[in-house]
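Heads up: the sequence lines are chains S and D, in that order. 1 is the number of the first residue of the first sequence in the numbering used here; add one for each residue after it. 99 is the number of the first residue of the second sequence in the numbering used here; add one for each residue after it. Note that the Cβ used here is the ideal one computed from N, Cα and C, for glycine as well. Working notes, beginning with the structure itself.
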Amino acid sequence: MHSINLSFMEAIRKLTIRNSLGLHARAAGKIVELGKQYKSHLILKKNGQEVDGSSILSILTLSCPKGTEMQARITGEDSEDFMETLSRLFEQRFGEER
Amino acid sequence: MIEDSSAQTKTLQGIPVHAGIVIGKAHLVDRSRVKILYQYIVNDGKIEEEIERFKDSIKAVEDQLIALKNGMPERVKDHSFIFDSHLMMLKDSMFRDATIKKIRNEKINAEWAVKKSLEEIREVFGQIEDDYIRDRISDVENVTERILRTLSGDTQQSLAEINQRVIIVAHDLSPADTTELNIGKVKGFITDMGGKTSHTAIIAQALEIPAVVGLKSATQLVQDGDFLIVDGTTGNVIINPDDQAILHAQENQLKFEKYQSSIVRLSHLPAETLDGFKIAVSGNIEFLEEVAAVKGNGGEGIGLYRTEFLYLRNKGFPSEEELFEDYREVAEIINPFPVRIRTLDLGGDKFASKLDISKELNPALGLRGIRFCLKEPEIFKSQLRSILRASIYGKIELMFPMVSGLQELLDAKEILNDVKNDLDFRSIEYDRDMKIGIMIEVPAAVAVADVLARHVDFFSIGTNDLIQYSLAIDRVNEHVAYMYQPFHPAILRMLKFTVNAAKTEDIPVSLCGEMAGDPLCIAILLCLGFDSLSMNARAIPLVKKIIRATSMPQARMDFENVMSLNTAREVRSYVLEHIRSQFPELEERGYI
Chain S
1 MHSINLSFME AIRKLTIRNS LGLHARAAGK IVELGKQYKS HLILKKNGQE
51 VDGSSILSIL TLSCPKGTEM QARITGEDSE DFMETLSRLF EQRFGEER
Chain D
99 MIEDSSAQTK TLQGIPVHAG IVIGKAHLVD RSRVKILYQY IVNDGKIEEE
149 IERFKDSIKA VEDQLIALKN GMPERVKDHS FIFDSHLMML KDSMFRDATI
199 KKIRNEKINA EWAVKKSLEE IREVFGQIED DYIRDRISDV ENVTERILRT
249 LSGDTQQSLA EINQRVIIVA HDLSPADTTE LNIGKVKGFI TDMGGKTSHT
299 AIIAQALEIP AVVGLKSATQ LVQDGDFLIV DGTTGNVIIN PDDQAILHAQ
349 ENQLKFEKYQ SSIVRLSHLP AETLDGFKIA VSGNIEFLEE VAAVKGNGGE
399 GIGLYRTEFL YLRNKGFPSE EELFEDYREV AEIINPFPVR IRTLDLGGDK
449 FASKLDISKE LNPALGLRGI RFCLKEPEIF KSQLRSILRA SIYGKIELMF
499 PMVSGLQELL DAKEILNDVK NDLDFRSIEY DRDMKIGIMI EVPAAVAVAD
549 VLARHVDFFS IGTNDLIQYS LAIDRVNEHV AYMYQPFHPA ILRMLKFTVN
599 AAKTEDIPVS LCGEMAGDPL CIAILLCLGF DSLSMNARAI PLVKKIIRAT
649 SMPQARMDFE NVMSLNTARE VRSYVLEHIR SQFPELEERG YI
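Put into structure tokens, the structure is as follows:
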């Protein structure tokens with residue numbers, strides 16, 4: 001479920017959208033904002049479609065309602081930390097109540 | 099002499115919405131989208147310069163968005179995310195990097211590259227299944243429009259910046275535009291869009307400014323600074339008139355003002371028919387400043403205080419204190435007469451973009467009026483608290499807009515009771531006998547008027563919306579505006595039914611739509627049995643004059659005939675003929 005390849009400094013994890021509104025603009029914006037705090041780069045993947053996790057527009061085009069599972073792949077020196085906070089953001093429903 | 103072709107005289111015909119003649123310079127407000135875009139090839143040596151130009155425009159728009167975001171008041175800061183997401187889109191690789199790449203690889207100008215990027219994003223978004231996310235393309239469009247405006251050197255004009263007395267020429271004026279207007283600087287309005295009851299028309303009447311709407315192509319034919327004659331009486335607009343036309347207009351202007359002042363002089367006399375039948379005549383207002391005009395024109399109270407204005411200012415939402423001060427002042431000035439405060443009727447064409455409510459396909463049928471207030475109880479309670487607190491400073495009555503049935507009314511009253519209990523708990527004084535009424539403007543409310551009448555202290559019929567909803571006419575759509583017919587037998591029957599329901603429960607019933615100020619409608623409204631009529635201040639003197647010249651037995655005979663007619667056209671020509679013979683000068687002056 002959760003594997004880290006140290007030689008490439010890469011973290012991969014499956015994440016689930018838990019908030020009822022799905023991955024809308026505000027939630028996508030939070031992902032982009034989070035990414036700015038790290039040097040590593042995030043790629044999100046759903047049904048074979050890969051998008052740049054630093055682009056709000058690209059994330060939106062994934063069109064993820066509640067319950068969607070996606071793969072997050074982070075490459076770079078602080079990929080592990082980034083993955084931890086990113087998972088937490090998903091767990092906490094992007095700070096939304098429902 | 100060579101004729102200057104740019105100053106060619108043209109005449110346009112539109113829908114007159116507020117009588118009066120005005121002569122002055124045009125101020126063209128271009129609120130339409132950036133239309134003309136050219137593609138051109140950029141020389142190799144200039145490409146980096148073109149990219150810089152694009153980057154500069156991003157920086158400029160970034161500054162604009164940050165300023166807008168910081169300008170939001172605390173209470174709605176929660177919605178400032180809309181600007182955050184615009185800021186992100188601005189710098190998004192799918193837009194920014196892709197555009198730079200196009201300028202570099204295809205050697206095209208920044209504008210064209212921006213347009214191409216937008217098209218690409220639009221295509222990707224078009225395939226998204228989720229409606230909400232797909233609609234975010236409108237955010238991208240908003241951002242690219244700002245960029246294009248900046249690139250073309252067109253800074254967005256602010257209506258607040260007008261510093262010369264002008265005639266506003268616009269495609270359409272949104273409620274947000276009109277809240278920004280520097281009222282003292284506007285002599286008149288003309289717009290391409292709109293009908294007799296559009297927002298522009300209502301504003302023009304409230305401000306007593308001559309206006310013509312529905313001109314279709316005014317913004318294309320009028321140049322900024324052109325000389326205009328706007329006749330809000332006939333709907334005629336002359337662009338670059340010759341000397342003779344100006345002289346003629348000035349003469350008419352003088353005649354109009356003379357007549358108006360002659361009837362204003364008599365407006366303090368009571369609204370009483372020849373045979374002693376009395377009715378109350380009051381004023382509709384949108385801002386505190388209009389109270390003086392209502393009093394000056396002989397209004398006996400404020401029959402409708404529309405409270406949206408304070409909510410639509412660019413400064414953002416008003417605080418409870420601001421609202422309280424405003425309501426208190428109105429109550430004090432109009433005392434001993436009452437003021438009927440209508441609770442917030444946001445939504446519909448008064449779009450609530452500030453609340454980040456998603457765009458509605460059909461706003462007139464959407465989240466507005468009491469529905470909106472019940473959904474946003476905190477906003478509603480804050481207004482109710484300020485109204486209650488102000489109620490001890492004069493005679494305030496409260497009314498809820500857009501009620502469609504009993505449940506909504508009960509829900510609203512329950513919230514009102516919560517607020518009262520809270521004030522009691524905090525020992526804050528308010529008028530415990532404050533009258534509570536509803537606007538009757540949804541056809542469903544007419545059908546259950548007998549039920550509703552048992553739960554309120556008064557009815558006020560809002561005919562503008564009632565006509566719109568009953569006849570299925572979008573009042574801002576100029577193609578169907580002609581079908582907006584107060585004399586439609588369906589409307590007259592609904593009025594009659596509602597008045598009877600009110601009489602059965604012995605509660606007063608008033609009318610506060612445009613009909614109340616229409617000289618043609620007065621006799622009918624008298625016979626229907628309304629207790630009061632509320633209209634814009636300027637209409638009061640003439641309405642009083644007509645009432646004072648009416649004899650009820652004669653009017654009742656005419657009324658019987660009117661109610662037996664089957665089409666709006668027949669009714670209209672019947673009453674028109676009567677008023678023509680009684681007041682021949684009205685037609686000449688353009689009141690009818």
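Residue i, DSSP secondary structure in three states
i	result
residue 647 of chain D	coil
residue 156 of chain D	helix
residue 269 of chain D	coil
residue 15 of chain S	strand
residue 495 of chain D	strand
residue 553 of chain D	coil
residue 584 of chain D	coil
residue 452 of chain D	With a pLDDT of only 49 at residue 452 of chain D, under the threshold of 50, the placement of this residue in the model should not be trusted; the figure read from the coordinates follows. It is helical.
residue 126 of chain D	strand
residue 527 of chain D	coil
residue 370 of chain D	strand
residue 224 of chain D	helix
residue 682 of chain D	helix
residue 97 of chain S	coil
residue 189 of chain D	coil
residue 264 of chain D	strand
Alpha-carbon to alpha-carbon, residue j and residue i
i	j	result
residue 85 of chain S	residue 60 of chain S	20 Å
residue 541 of chain D	residue 109 of chain D	40 Å
residue 20 of chain S	residue 56 of chain S	19 Å
residue 83 of chain S	residue 487 of chain D	54 Å
residue 146 of chain D	residue 202 of chain D	8 Å
residue 447 of chain D	residue 366 of chain D	Unreliable placement is indicated for residue 447 of chain D, whose pLDDT of 48 sits below 50; the coordinate value is still reported in the next sentence. Rounded to the nearest angstrom, the two C-alpha atoms are 36 Å apart.
residue 395 of chain D	residue 358 of chain D	11 Å
residue 194 of chain D	residue 183 of chain D	14 Å
residue 115 of chain D	residue 303 of chain D	7 Å
residue 440 of chain D	residue 320 of chain D	38 Å
residue 345 of chain D	residue 582 of chain D	35 Å
residue 323 of chain D	residue 339 of chain D	13 Å
residue 494 of chain D	residue 628 of chain D	20 Å
residue 597 of chain D	residue 626 of chain D	7 Å
residue 211 of chain D	residue 547 of chain D	59 Å
residue 155 of chain D	residue 248 of chain D	6 Å
DSSP beta-bridge partners of residue i
i	result
residue 329 of chain D	D/119, D/334
residue 311 of chain D	D/113
residue 409 of chain D	According to DSSP, residue 409 of chain D bridges with nothing at all.
residue 712 of chain D	No answer is possible for residue 712 of chain D: the residues shown for chain D start at 99 and end at 690.
residue 436 of chain D	D/493
residue 400 of chain D	D/381, D/437
residue 558 of chain D	D/537, D/608
residue 620 of chain D	According to DSSP, residue 620 of chain D bridges with nothing at all.
residue 108 of chain D	D/337
Start-to-end residues for the beta strand (DSSP E) that takes in residue i
i	result
residue 49 of chain S	49-52
residue 632 of chain D	630-634
residue 382 of chain D	378-383
residue 72 of chain S	69-75
residue 42 of chain S	41-46
residue 287 of chain D	284-289
Residue range of the alpha helix (DSSP H) that includes residue i
i	result
residue 58 of chain S	56-61
residue 537 of chain D	Run containing residue 537 of chain D: none in the alpha helix (DSSP H); it sits in the beta strand (DSSP E), 533-538.
residue 392 of chain D	389-394
residue 475 of chain D	475-488
residue 86 of chain S	79-91
residue 32 of chain S	25-35
residue 66 of chain S	Unbroken run through residue 66 of chain S: none, as it is neither H nor E.
Within chain C, the residues that residue i reaches when beta carbons sit closer than 9 Å
i	result
residue 212 of chain D	Considering every chain present, this structure includes no chain C. Its protein chains are S and D.
Query raised in the report: Listed from N- to C-terminal order along the chain, which residues in the region 224-252 of chain D have their beta-carbon within a distance smaller than 9 Å of any beta-carbon of chain S?
Result: Flagged, chain order: 225, 226, 227, 228, 230, 231, 232, 234, 237, 238.
Query raised in the report: Of the residues that make up the region 10-34 of chain S, which ones have a beta carbon closer than 9 Å to any beta carbon in chain D?
Result: Interface annotation for the region 10-34 of chain S against chain D: 21, 22, 23, 24, 25, 26, 28, 29, 32, 33, criterion Cβ-Cβ distance under 9 Å.
Requested in this report: Name, going along the chain, the residues of the region 51-65 of chain S whose beta-carbon falls closer than 8 Å to a beta-carbon of chain D.
Outcome: Within the region 51-65 of chain S, the residues whose Cβ lies closer than 8 Å to some Cβ of chain D are 52, 54, 55, 56, 57, 58, 60, 61, 63, 65, listed in chain order.
Report task. Pull out every residue of the region 177-205 of chain D whose Cβ sits closer than 7 Å to any Cβ of chain S, in chain order. Result -> Identification of residues in the region 177-205 of chain D having a C-beta nearer than 7 Å to some C-beta of chain S yields 179, 182, 183, 186, 187, 190, 191, 192, 193, given in sequence order.
Query raised in the report: Got a sec: which bits of the region 384-413 of chain D sit with their beta carbon under 8 Å from any beta carbon on chain S, in order along the chain?
Result: Answer set for the region 384-413 of chain D: empty.
Query - Residues within the region 148-164 of chain D neighbouring chain S, beta-carbon criterion of under 7 Å - result: If the cut-off is 7 Å between Cβ atoms, the region 148-164 of chain D has nothing near chain S.
Query - Within 7 Å of chain S by C-beta, residues of the region 533-550 of chain D in sequence order - result: Along the region 533-550 of chain D, there is no position whose C-beta sits under 7 Å from a C-beta of chain S.
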